[in-house]
Amino acid sequence: MFARRLHRQARIRQIEDILREAVVGEDPPDDGIAEPGMVLTVRYDGSATAETFLLGSRDETEQDDLEVCSPDSPLGRALAGAKPGERRTCRVSNGAAVRVTLIDAEPYGRFRRLGP
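Going from the sequence shown to the numbering used here is simple: count from 1 and add 1395.
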């Protein structure tokens, strides 16, 4: 019983230390690589216009007009790790292959401060 109590207290201290060091909402590095937390600008093959969206989740964005793409979606998985200028292929729900080129990737926090 006493050993279990000591173990539990040690675990509480460990969790408190983790929480004390936690950084919430930190932007990914501004390295231009597509990853969660980055605002991506892409162009689909055959389209003259670019599309901009947050690679992340809806609760990460404070802008209702910014589209959000899940990192777990086919497009999100295809773009993960891409650098500007890279073309990637993703399969959409009907099985068709769609080619997309990453034009730009910037941290959401920087995008929010500077605007599109």
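Glycine included, C-beta positions come from ideal geometry on N, C-alpha and C. Computed from a predicted model, the values in this text were never measured in an experiment.
Nearest to residue i (by Cα), restricted to the options the options
i, options, result
"V1437", "L1470, S1465 and P1431", "L1470"
"P1431", "N1489, Q1404 and S1465", "S1465"
Beta-carbon proximity list for residue i, same chain, < 6 Å, skipping 5 on both sides
i, result
"L1461", "L1449"
Beta-carbon contacts of residue i that lie in its chain and below 7 Å, excluding the five residues immediately before and after
i, result
"V1487", "P1469 and V1493"
"G1504", "D1422"
"A1445", "T1436, V1437, R1438 and I1498"
"F1506", "V1434"
Secondary structure of residue i, DSSP reduced to three states
i, result
"A1443", "coil"
"A1405", "helix"
Length of the line joining the Cα atoms of residue i and residue j
i, j, result
"V1463", "L1401", "46 Å"
"L1435", "Q1409", "37 Å"
"A1491", "D1412", "48 Å"
8 Å CB neighbourhood of residue i in its chain, flanking five on each side removed
i, result
"E1501", "D1425, G1427, M1433 and V1434"
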